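Novice:
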C-alpha cells in the first residue's frame with residue numbers, strides 16, 4: 001500500500017451536508033457509517049452517552065428513581081450495575097439502590113426469580129422511611145430469558161404491601177420501537193391514577209431535570225390561564241407526583257416521552273400537545289402561535305415579543321462581536337437537536353464547520369436546508385470505528401456540546417449540557433450569551449471539571465440474605481478486567497454486548513481514557529434483539545471485518561458478556577471466522593459478567609500468552625524481568641508510575657510490562673517473572689511451566705515505603721494509642737501482602753496473627769497466611785468486623801458503609817479502583833473514619 005492509500009484508509013469517515021442531502025433526496029440509503037446497526041460502536045469519552053446514558057445524564061436506573069420516595073432493586077450480573085457506584089455522591093441516588101446479584105446458576109435455571117420478593121422485603125425493611133414505590137430494574141439477561149416481570153412484581157407487591165414496578169434496562173432494544181428510555185417513562189407515568197381534573201393545571205413531560213425557571217414558557221402558560229405548571233423534576237413528595245394526574249393537558253417537550261403521554265391520554269384522559277426545543281426564533285414564534293390555536297386563544301394573547309426581542313439582541317450581539325471570528329463545531333451531547341441548532345446558527349451567518357451527530361429521518365429537513373446554506377459543513381459520527389483517526393481541525397474556535405469539547409481540546413468550550421433544561425426564547429438567549437462568555441475565555445485548554453467535595457459515606461444496613469447487597473455497589477466485573485488487559489496492546493477489543501457492558505467499562509472502569517494517552521480501539525458489538533435471538537454471528541464478523549479495514553490493529557480480542565453466555569455463542573468458531581475474514585489473529589476471553597475483574601484480567605493474560613508466546617529455541621540466552629498484573633484496576637496511575645520506576649531502576653536487564661503485544665511474543669526469553677497482582681498469576685504460572693521461568697508474586701519494599709508513606713504515617717497515629725490492635729488489610733492480595741510485610745517491620749511488637757489480609761477478589765492459597773480470608777459478599781466482611789470490633793481496617797473508604805453500627809475500630813483509606821472507582825486517597829487528616 002502506498003502512502004496516499006494508507007492516509008486515505010486511516011482517516012475518520014466524514015460526509016458533507018451537501019453530499020448527505022443528495023443521498024437522502026435520491027434513492028441511496030443512509031450511509032452505513034451513519035447507521036448504528038451497521039458497524040461496531042466506538043467507545044471514547046466523546047461517545048460514551050450512547051452505550052451508557054447514565055454516564056453523563058439519566059439512564060434507566062437514575063430515571064427510575066426520579067419518582068419521589070422510590071427505591072430500586074437492580075437484579076442483574078455485577079457488570080450491569082457497576083457504574084451505579086458513580087451515583088453514590090450525587091442526589092442521594094446511591095443509598096436508594098440495592099443489588100441482587102445473579103450468578104451462572106441463576107442465569108441457567110432462573111432461580112433468582114423466586115428470590116426477588118424476599119429481596120424486596122429485606123430492602124424495604126432496611127429503610128428508615130417506608131418508600132413510595134419499589135422499582136425493579138431488569139437487564140438483557142431477563143429479556144433473553146423471557147421473564148414475566150409483571151407476575152414477579154405482583155408477588156413482590158403482595159410481600160411488602162407497596163407498589164412494585166419493573167424498569168426494563170434492555171440495551172438490546174435500544175433501536176427498537178420501544179427503547180429503554182421510552183419504556184421507563186411509561187413505567188413512571190403509569191403510576192398515575194385518575195383524579196379530578198384541574199382546568200388551570202398543565203404538566204411538562206419529557207425531561208428528568210427541571211425546565212429553566214426563567215423560561216418564558218411558564219409566563220406564556222400563565223397568560224393562557226394556567227395557574228399551576230407541574231413537572232416530574234419539581235415534585236418533592238409522592239403526593240406532588242400523584243397530583244400530576246390532575247392536569248388539564250400535558251406539554252410534551254421530548255420525543256421519548258410521547259408514548260407515555262399518549263398512554264396517559266388514553267388511560268386517564270389527559271390530552272398531549274407536542275412542543276419542540278428550538279433555537280431559530282422565527283420557528284419558536286410559529287410554534288407558540290400553533291399552541292395558541294390549539295388552546296383556542298388568539299396568537300396575540302400569548303405573544304412573547306419582549307422575550308423574543310431579548311433573544312434576538314443576544315444573537316445580534318454575539319454575531320456583531322464574533323461573527324467573523326467564530327468557527328463552530330457542534331456535538332450531540334447537548335441540550336439541543338444538533339442539526340436544528342446548526343441550521344439556526346448558519347441562518348444567522350455563523351460558520352458551522354463540523355457536526356458530530358448521527359442523523360435520523362426526522363433530521364432530513366434540517367440537513368437539506370444546511371446543504372443549501374452551508375454545503376461544506378462536515379458531518380461525523382463519533383460512534384463509527386474510523387472516528388479513532390479524527391484529528392482536531394485547528395480552525396475551529398468554539399466547540400458546543402460535551403462531545404465536541406472533548407474532540408476540540410484547543411478550542412473555546414461550551415458543553416451546553418447542564419441539568420437545568422433551557423427552552424424557548426430563553427434557550428436561544430442563554431445560548432448566545434454563553435457562547436459570548438465562552439469566546440471570552442482566557443484559556444482554551446481542557447475545561448476544568450467541577451469536583452464535589454467527598455464526604456464520609458454513612459453507615460448502611462447489611463442484609464443477611466445471600467447475594468443481596470444493601471451497602472456496597474457491584475465491584476469491577478470480569479469483563480472490565482479483560483478489557484483492561486487488552487486496552488494498551490494495539491489490537492481491536494470487541495465487547496460482545498448490546499452496549500451497556502461496554503458503557504460500564506469505558507465510562508467507569510477504564511481510567512486511561514482520562515489520563516491523556518492515545519485512544520484504544522475498544523468497541524461494542526452493538527448487538528440488537530434479533531442478533532441475539534437469531535444468533536447472527538456472520539453480521540458481527542462483517543462488522544469486525546469492516547472495522548479492521550480502517551484501523552491499523554494487530555489482532556482482534558473478543559470479550560464475552562452475559563448476552564453471548566446466555567445464547568451459548570461459540571467463541572472458538574467466531575474467532576476462526578474473524579481470522580478468515582480479516583487475516584488477523586483473534587482471541588476470545590470467555591467472561592460473562594458474573595465474576596470479578598481479576599478473573600477476567602487473568603483469563604485475558606492467559607489467552608494472550610497461549611496465542612502469542614513463542615517457544616524459546618534451545619540454548620538461547622535469557623534476560624530481563626516480566627511484570628504481569630499491573631493494571632489500572634489494581635494500581636492507581638501514581639502507583640503504576642512509581643512501581644515502573646522502581647522495577648526499572650533495580651532490574652539487571654530489560655523489563656517487560658506486557659503492555660505491548662511484542663512483550664507476549666518475547667515472554668519465553670525472560671529470566672524471571674513478577675506477578676504484582678493475582679490478575680497476573682495464571683499467565684505467569686503458565687509461562688513458568690512452559691518455559692521454565694521462575695515466578696514470584698510480590699512487590700518491592702522500596703515501592704511500598706514510598707508509594708504508601710502517607711498511609712503508613714496515618715497508621716502510626718492510630719496505633720499510638722494501642723500498639724497491639726488487630727489490623728485487617730483489604731485490597732488485592734499481592735499488594736495487601738506487601739503492606740503486611742511493611743507494617744510488620746514498622747511494628748515488630750505486633751503478634752503474627754494480628755495482621756490479616758482480606759480481599760473481595762482472588763485469594764491464592766499459595767500466597768496466603770493462616771487466617772487470611774476471602775469475602776464473597778458484604779455480609780462476610782460485616783461478620784468479620786462483628787468478631788473483631790476494635791480492628792483497624794486498611795481499605796477503600798467505600799467499605800465504611802458495611803461496618804457494623806457499633807464498630808469501635810478505625811478505617812484508614814486505601815483506594816482500590818476495582819471497588820469504588822476512586823484512584824486517589826482522601827484527606828487522611830479528616831476523612832479516615834474512626835468509628
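In UniProt numbering, the protein residues as written are 1 to 835. Quick reminder that beta carbons are idealized off the backbone N, C-alpha and C, glycines included. These numbers come from a predicted model, not from an experiment.
Going by C-alpha to C-alpha distance, which of 505, 349, 660 and 407 sits closest to residue 480?
Specialist: Here the closest residue by C-alpha is 505.
Novice: Which residue or residues does DSSP assign as beta-bridge partners of residue 250?
Specialist: Partner(s): 203 and 272.
Novice: In whole angstroms, what separates the C-alpha of residue 822 from that of residue 815?
Specialist: Their Cα atoms are separated by approximately 6 Å.
Novice: Measuring alpha carbon to alpha carbon, tell me which residue in 521, 818, 338 and 230 is nearest residue 212.
Specialist: Ranking the options by Cα distance to residue 212, first place goes to 230.
Novice: From what residue to what residue does the beta strand (DSSP E) around residue 594 run?
Specialist: Residue 594 -> no beta strand (DSSP E), and no H or E assigned at all.
Novice: Provide the residue span of the beta strand (DSSP E) that contains residue 484, from first to last.
Specialist: Run containing residue 484: none in the beta strand (DSSP E); it sits in the alpha helix (DSSP H), 478–486.
Novice: Could you check what DSSP says for residue 570 in three-state terms: helix, strand or coil?
Specialist: Note: residue 570 maps to coil in three-state DSSP.
Novice: Here's the rule: buried if 16 or more other CB atoms are within 10 angstroms of the residue's CB, otherwise exposed. What is residue 452?
Specialist: Caution is warranted here: a pLDDT of 41 is assigned to residue 452, below 50, making its placement in the model unreliable, and the coordinate value is therefore given only provisionally. Looking at its Cβ environment, which holds fewer than 16 other Cβ atoms inside 10 Å, residue 452 is exposed.
Novice: By the 10 Å Cβ neighbour count, where 16 or more other Cβ atoms means buried, how is residue 669 classified, buried or exposed?
Specialist: The residue is buried, with at least 16 neighbouring Cβ atoms inside 10 Å.
Novice: Under 8 Å, do residue 67 and residue 191 count as touching if we go by C-beta distance?
Specialist: Their beta carbons are under 8 Å apart, which means residue 67 touches residue 191 by this criterion.
Novice: Bridge partners for residue 161 per DSSP, in chain order?
Specialist: Beta-bridge pairing links residue 161 to no other residue.
Novice: Looking only at its own chain, which residues have a Cβ that is under 7 Å from the Cβ of residue 611, when we skip the five neighbours before and after it?
Specialist: For residue 611, where only same-chain residues beyond five positions count, the Cβ hits under 7 Å are 585 and 587.
Novice: Please report the straight-line C-alpha distance between residue 13 and residue 224, rounded to a whole angstrom.
Specialist: Each residue's alpha carbon lies about 49 Å from the other.
Novice: Look at the alpha carbon of residue 103 and the alpha carbon of residue 137, and state the distance between them as a whole number of angstroms.
Specialist: One C-alpha to the other measures close to 16 Å.
Novice: Among residues of its own chain, excluding the 5 on either side of residue 235, which ones have a beta-carbon nearer than 6 Å to its beta-carbon?
Specialist: So the qualifying residues of the chain are 68 and 241.
Novice: I'd like the span of the alpha helix (DSSP H) that includes residue 145, first residue to last.
Specialist: Taken as a continuous stretch (DSSP letters only), the alpha helix (DSSP H) holding residue 145 covers 140–145.
Novice: Under the DSSP definition of a beta bridge, which residues are partnered with residue 697?
Specialist: In the DSSP output, where bridge partners are listed per residue, residue 697 has 675.
Novice: For a quick check, are the C-beta atoms of residue 726 and residue 754 less than 8 Å apart?
Specialist: For residue 726 and residue 754, yes; Cβs fall inside 8 Å.
Novice: So what does DSSP say about residue 353, is it helix, strand or coil?
Specialist: Looking at residue 353 - three-state DSSP - the assignment turns out to be strand.
Novice: Since residue 378 sits in a beta bridge, which residues does DSSP pair it with?
Specialist: The partner list for residue 378 (beta bridge, DSSP) reads 16 and 354.
Novice: What residue from 58, 21, 571 and 738 has the CA that sits closest to residue 210's CA?
Specialist: Nearest C-alpha to residue 210: 58.
Novice: Quick check on the DSSP output: what are the complete alpha helix (DSSP H) runs of length 4 or more inside the segment 758–820, in order along the chain?
Specialist: Fully enclosed alpha helix (DSSP H) runs of 4 or longer: 778–787 and 817–820.
Novice: Taking the continuous alpha helix (DSSP H) assigned at residue 493, which residues delimit it?
Specialist: Note, residue 493: premise wrong, no alpha helix (DSSP H); beta strand (DSSP E) at 492–495.
Novice: So, is residue 15 buried or exposed, given that buried needs 16 or more other C-beta atoms within 10 angstroms?
Specialist: Buried.
Novice: Give the list of continuous beta strand (DSSP E) stretches no shorter than 3 residues that lie fully inside the segment 722–752.
Specialist: Qualifying beta strand (DSSP E) stretches, in chain order: 727–730.
Novice: With respect to the beta strand (DSSP E) encompassing residue 324, which residues constitute its N-terminal and C-terminal limits?
Specialist: It is not in any beta strand (DSSP E) - residue 324 carries neither H nor E in the DSSP assignment.
Novice: From the DSSP output, in three-state form, read off residue 136 for me.
Specialist: Looking at residue 136 - three-state DSSP - the assignment turns out to be strand.
Novice: What distance in whole Å lies between the Cβ atoms of residue 251 and residue 852, which are believed to be in contact at a cut-off of 8 Å?
Specialist: Coverage of the chain is limited to positions 1 through 835, which leaves residue 852 absent and any answer about it impossible.
Novice: Just to confirm, are residue 40 and residue 526 a CB contact at a threshold of 8 Å?
Specialist: For residue 40 and residue 526, yes; Cβs fall inside 8 Å.
Novice: With a threshold of 8 Å, are at least 3 pairs of Cβ atoms found where one atom belongs to the segment 96–113 and the other to the segment 529–537?
Specialist: The segment 96–113 is not in contact with the segment 529–537.
Novice: Are there 16 or more other CB atoms within 10 angstroms of the CB of residue 562, so buried, or fewer, so exposed?
Specialist: Under this definition residue 562 is a buried residue.
Novice: Using a Cβ-Cβ cut-off of 7 Å (strictly less than) and excluding sequence neighbours within five positions of residue 207, which residues of its own chain qualify?
Specialist: So the qualifying residues of the chain are 233, 253, 254 and 421.
Novice: At what residues does the alpha helix (DSSP H) containing residue 387 begin and finish?
Specialist: Note, residue 387: premise wrong, no alpha helix (DSSP H); not H, not E.
Novice: Note down, in chain order, each residue of its chain lying with its Cβ closer than 6 Å to the Cβ of residue 436, except the 5 sequence neighbours on either side.
Specialist: Taken in chain order, the residues that qualify are 318.
Novice: For residue 564, is the classification buried or exposed, using 16 other Cβ atoms within 10 angstroms of its Cβ as the cut-off for buried?
Specialist: It is buried - the Cβ of residue 564 has at least 16 other Cβ atoms within 10 Å.
Novice: Does DSSP put residue 167 in a helix, a strand or coil?
Specialist: Strand at residue 167.
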